[in-house]
Amino acid sequence: MTAAIEGAFREAGVVGWLHAVDLDTGRELGVRQDETVVLASVFKVPLLVAFFRRAAAGGLDPVEQVTLPPGVRVAGPTGTSVLLDEVRMSLRDLACLMITVSDNTAADAVLDRVGLDHVNRALADLGLTRTRVTGSAADLHASLMADAGVADPADLWGRLTDPGMTGRLTALDPARSSRGTPRELTGLLAAIWRDEAAPPAECAQMRRMLGLQIWPHRLAAGFPYDDVLVSGKTGTLLTLRNEIGVVEYPDGGRYALAVFTRARSTAATHPRADAAIGTAARLAVQELRGWAS
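Note that UniProt numbering gives residue 239 to position 239 of the sequence shown, counting from 1, and the numbers run on in steps of one.
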């Protein structure tokens with residue numbers, strides 16, 4: 001089956017990394033599952049865990065109201081990042097937006113309250129020693145602009161074809177950006193689904209938010225069935241397209257997945273890469289379910 005998964009990646013013009021695990025039996029399947037990959041917006045899942053752990057410990061009030069002044073926005077195409085006027089909502093609702101629509105401004109507001117040290121401490125406490133968050137969405141955006149030598153994000157795509165440009169971007173280097181391994185990220189999902197990442201009530205809230213993610217074009221595309229629930233979080237950054245999530249079948253089967261891809265093409269839109277994530281996930285889950293039968 002790994003050969004078929006590699007074939008799906010190759011046909012889409014991407015290099016891929018994958019880990020899949022049956023949450024109840026521990027059976028697993030992987031492709032380069034222990035190599036380090038760039039998280040991109042997947043960093044918002046460790047942040048979500050740290051947020052709810054701090055809330056459960058009394059370190060913050062999840063319904064505390066936060067005001068986002070007009071004009072103070074982190075670059076991004078969704079949620080509060082595209083709004084022009086003052087926004088006021090709870091930390092918990094900001095956390096929901098950062099997961100369901102990958103809102104960068106919401107994520108950074110939550111990170112400001114949680115603290116980067118607490119995010120990485122939560123990962124360490126869960127035994128995820130190779131997963132680390134190095135900064136905010138704003139930090140990521142600033143590094144891209146600085147490394148590419150541009151002031152306008154619209155100019156960045158035009159520079160990607162410059163010789164050696166992608167190799168100069170800190171954000172695309174797992175040694176210098178927020179990072180993890182596919183195996184550790186399915187481990188993080190497993191902790192959420194098993195009520196081990198935080199107390200049960202907080203884990204239930206995390207599962208709810210991940211289940212409300214709106215993007216259907218990656219993991220969910222591999223499971224187009226009304227009775228199969230796909231919960232997840234995407235990550236997109238230039239040539240990188242990722243998603244981690246959990247697929248739940250009506251017979252009780254539960255499978256954590258982490259799929260990361262890097263495209264050779266620098267095109268802003270790459271539907272074949274998106275589809276390959278769903279295809280690879282479907283092949284992996286079919287294999288795990290076949291072993292159980």
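Glycine included, each C-beta is placed from N, C-alpha and C at the ideal position.
Kindly indicate which three-state DSSP category residue i falls into: helix, strand or coil?
i, result
"Phe43", "helix"
"Gly245", "strand"
"Thr236", "strand"
"Ala3", "helix"
"Ser143", "helix"
"Phe223", "coil"
"Val110", "helix"
"His118", "helix"
"Arg254", "strand"
"Arg130", "coil"
"Arg262", "strand"
"residue 294", "Since the displayed the chain opens at 1 and closes at 293, residue 294 lies outside it and no answer follows."
"Val285", "helix"
"Asp22", "strand"
"Gly164", "coil"
"Gly16", "strand"
"Gly149", "coil"
"Gly173", "Looking at the sequence provided, one finds Asp at residue 173 rather than Gly. Three-state result, Asp173: coil."
"Gly135", "coil"
"Ala267", "coil"
"Ala276", "helix"
Tell me which same chain residues have a C-beta within less than 8 angstroms of the C-beta of residue i, skipping the five on either side of it?
i, result
"Ala276", "Ala8, Phe9, Glu11, Ala12, Val14, Gly16 and Thr261"
"residue 311", "This structure leaves residue 311 out entirely; the chain is present only between 1 and 293."
"Glu202", "Phe52, Arg53, Ala55 and Ala56"
"Leu126", "Val49, Gly187, Leu188, Ala191, Glu196 and Ala197"
"residue 306", "Only positions 1 to 293 of the chain appear in the structure, and residue 306 is not among them; the question remains open."
"Asp103", "Gly76, Thr78, Gly79, Thr80, Ser81, Leu94 and Leu97"
"Ala292", "Legend: pLDDT at Ala292 = 48, less than 50; position of this residue unreliable, value from coordinates given subsequently. Excluding positions up to five away in sequence, the list reads Asp22, Thr25, Arg27 and Gly253."
Going by DSSP, what residues sit across from residue i in a beta bridge?
i, result
"Asp103", "Bridge partners of Asp103: none, in fact."
"Ser231", "Val246"
"Glu28", "Val21"
Within a Cβ cutoff of 7 angstroms, which residues of the same chain sit near residue i, ignoring the five residues on either side of it in sequence?
i, result
"Arg113", "Leu60 and Leu91"
"Arg168", "Asp147"
"Val45", "Leu188, Lys233 and Ile244"
"His118", "Ala50 and Arg54"
"Ser265", "Gly13"
"Leu39", "Ser178, Arg179, Gly180 and Gly235"
"Asn120", "Arg132 and Val133"
"Glu287", "Met1 and Leu29"
If I measure Cβ to Cβ from residue i and keep anything under 6 angstroms in the same chain, skipping five residues before and after, which residues do I get?
i, result
"Asp195", "Cys203"
"Asp122", "Reading the sequence as shown, one finds Ala at residue 122 and not Asp. Val49, Ala50 and Arg53, listed in sequence order."
"Ala190", "Leu23 and Ala256"
"Glu248", "Leu229 and Arg254"
"Pro250", "Asp227"
"Phe43", "Val133 and Ser178"
"Glu28", "Val21"
"His270", "Ala263"
Subject >> Meets three-Cβ-pair contact criterion under 8 angstroms: the stretch 132-146 and the stretch 168-181 >> reply: yes
Original post:
Can we say the stretch 77-87 touches the stretch 237-245, given the rule of at least three CB pairs closer than 8 angstroms?
Top reply: no
**OP:** Ignoring anything shorter than 4 residues or poking outside the stretch 30-94, list the alpha helix (DSSP H) runs there in chain order.
**Re:** Here the runs fully enclosed are 44-56.
**OP:** Report yes or no: do the stretch 63-73 and the stretch 15-34 share at least 3 C-beta pairs separated by less than 8 angstroms?
**Re:** no
Subject >> Continuous alpha helix (DSSP H) assignments of at least 4 residues falling wholly in the stretch 176-223 >> reply: 182-193 and 200-211
**OP:** Determine, using beta-carbon pairs with one atom in the stretch 85-105 and one in the stretch 156-173, whether at least three such pairs fall under 8 angstroms.
**Re:** no
Original post:
Is the number of C-beta pairs between the stretch 99-114 and the stretch 33-51 that are closer than 8 angstroms three or more?
Top reply: Short answer: they touch.
Subject >> Three or more C-beta pairs below 8 angstroms linking the stretch 272-290 and the stretch 210-226 >> reply: yes
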